[in-house]
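So the protein lines, in turn, are chains A and B.
In this note's numbering, each number is its position in the first sequence, counted from 1, plus 160.
In this note's numbering, each number is its position in the second sequence, counted from 1, plus 826.
C-beta: ideal position from N, C-alpha, C; glycine also.
All of these numbers come straight from a predicted model, not from anything done at the bench.
Following: one structure in C-alpha cells, then a few remarks.
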Amino acid sequence: MNDDDIDADVTDRMLLQRMSTGDRAALSVLYRSYHGRLCRFLSRLTRRPDVIEEVINDCFWVAWQKAGSFHGDSRVSTWLMGIAYRCGLKALRQHGDEPVEDDPQSEQRTGDHDLDEDRELRDWLSKGLDHLSVDQRVVIELVYGVGHTLDDVAVIMQCPVGTVKARLFHARVKLRNVLPALAGDSPKHKENAP
Amino acid sequence: MTFPKSSDRDCVRAWDAMPWVLQNSATQEQGEWLENHLAQCESCRTEFAQQMRLRKAMSLPADISIDANVGLRRLLGRLDTPDAEEAPYRSRSRNWLSRALVAVGLIQALSIGALGVKLWSTGGSPAYRTLSQEPVPATTGTIRVVPDAAMTLADWNALLHALRLQVVGGPNDVGAYTVAPMSSTSTTQALQQLRTTRGIRLAEPVAVTP
C-alpha cells in the first residue's frame, strides 16, 4: 500500500465515521468517489446499466447501515468492494435469466468520447473476458483493474488466498491463449460479427 | 497451453511476479530481477508486453455510462423511506417465501369457504338432542319401555344392543323410555322379546294419533 492509498483510506474512514452519525454529505462524497470504480467492477459481472446502478445503491445502502460497525480490519475500499461483490452476485442470481446484451445507447455514448485506441483495447479485452468465468473476471478486475493484492481479493471474495491464486492463474492462462489471436481484430469487425 | 515449462524456473518466477510489478506492489528487488530476466527472455518479454496491455485495458473507465448524480438521488430518496425501500430489497431475496405464504393463505381461505358451504347445505338440524329439549313426537313403530329400577345400566344397554333398539325419548316422570327399532328389526319381534326379558316391567307399542 503506497502513501496515496494510505491517505485515501484515512479519508474514507473519516467519511464512514461521519456516515455512522447520519451525515448524508459524507455519504454523497463517498458515493461519488467510488461510483466510477464500482461501475467498472460491476460491468465485469453484468452489462445491464439498471442492474449496475441497483447494485451500487444496494452496496451503499448496506454501507450506510453498517458504517458504525466498521472496525477497520481492512481498508474501506476492500470492505466496500466486498459488499458490492456480494450484492452483485445476488443481483446475478435474480437477473441471471434476463437478457444481458449490451445497451446500444450506452455504447454509443461511450463511443462518442472514446479514442480509437481505447475502443480497440476495450474490444480486445471484452472478447478475452468472454472466455472467463464470473469469478475469474472478478479476480482479473480486482488485480489488474483496481490494483488489489491477493490478500485483499481473498477478503473481498471471502475465500482462501489459495483459491484466489488458482483463479488468477487459470484466468491468466486462458487470456494468454486467446488474447494474442484477438489482437489482430479491429473494432470495425464487430459490426459484422454474428 | 503455452504456459512456461516447469523446468524453466526463472520464467515461472517471472510469470508470478508480473501482476505485482505492474501494479507497483512488488518489492524493488523483485522489479529489478524481472527487468533483468526480461532482457534475456524473449518469451517472457512478449508475455509482459501483453500483461501491460491487459493492465491498460482494465484501467479504462467503464464502458457503461451511469449517471452518479441520478443514482445518488435515488439512494438518498431510499434513505428517507427506509421501510418502504427495504421491503422490496428483502422481498427480492425472499420472493419465493412470500409467494408460498400467499398460496397457503389462499388454500386455507378456500378450504374454510368450502367447509362453510358444506355445513350450510346439510341444514340447521343437528344430529343430537339435548335433555332440555321437547321430546321428539313419537313415530310409528316406537315402543314405550319401563325397565325395573333394579336393572343396571350395563344390562339395559346390552338389552338394547341385542334387540337392535335405540332410545329416542325418556325417561319420563314414571321412568319410561321410548325406544325405536333400527332399520332391520321389526317392532313386533322386539316387543315380544322385551316382554319376555326379565327386568322389563312394561313394554307397549306407542299409539300414534294422526
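Runs of beta strand (DSSP E) with 3 or more residues, each lying fully within the segment 864–950 of chain B, are absent. In the structure shown, B/T1004 adopts extended strand secondary structure according to DSSP, grouped into three states. As DSSP reads the structure, B/E1030 sits in a beta bridge with B/R970.
Taking a cut-off of 8 Å for Cβ pairs, the segment 890–903 of chain B and the segment 195–215 of chain A touch, as three or more such pairs fall below it.
Under the Cβ criterion (8 Å, minimum of three pairs), the segment 866–875 of chain B does not count as touching the segment 285–302 of chain A. Residue nearest to B/V1000 within the set B/L991, B/R1024, B/L979, B/A975 is B/A975 (criterion: CA-CA distance).
For A/L175, the uninterrupted alpha helix (DSSP H) run begins and ends at 163–180, by DSSP. Residues of the same chain with a CB within less than 6 Å of the CB of B/W846, apart from the 5 flanking positions on each side, are A852 in chain order. Of the candidates A/R253, A/E301, A/F220, the residue whose Cα lies closest to the Cα of A/L176 is A/F220. Among the residues of chain A, those whose CB is under 7 Å from the CB of B/R900 are N217, following chain order. Neighbours of A/Y245 in chain B, taken as residues at a C-beta separation under 7 Å, are lacking, since the least C-beta distance is about 16 Å.
Note that the C-beta distance between B/V971 and B/A1029 is below 7 Å. Assignment of B/G995 by DSSP, reduced to helix, strand and coil, places it in the strand class.
Rounded to the nearest angstrom, the gap between the Cα atoms of B/L941 and B/A1033 is 42 Å. Between A/D164 and A/V170, the alpha-carbon positions lie close to 10 Å from each other.
Taking a cut-off of 8 Å for Cβ pairs, the segment 276–284 of chain A and the segment 313–325 of chain A do not touch, as fewer than three such pairs fall below it. Put simply, of A/S180, A/A341, A/G196 the residue whose alpha carbon is nearest the alpha carbon of A/A227 is A/S180. When DSSP states are grouped into helix, strand and coil, A/S188 belongs to the helix group. Burial is judged here by how many other beta carbons sit within 10 angstroms of a residue's own beta carbon; A/N217 has at least 16 and is buried. Sequence-distant Cβ neighbours of A/A244 in its own chain, meaning closer than 6 Å and more than five residues away, are L198, C219. In the structure shown, B/A975 adopts coil according to DSSP, grouped into three states. For A/H231, the secondary structure class from DSSP, reduced to helix, strand or coil, is coil.
In this structure B/P1007 is in contact with B/L991, their Cβ atoms being roughly 6 Å apart against a cut-off of 8 Å. With respect to the 7 Å criterion, A/L202 and A/G248 are classified as neighbours on the basis of their beta carbons. DSSP places B/A852 in the coil class of the three-state scheme, outside both helix and strand.
With a 10 Å radius around the Cβ and a threshold of 16 neighbouring Cβ atoms, A/Q318 comes out exposed. The beta carbon of B/S851 sits closer than 7 Å to some beta carbon of chain A. Contact with chain B is absent for A/L292, since none of that chain's Cβ atoms lies less than 7 Å from the residue's Cβ.
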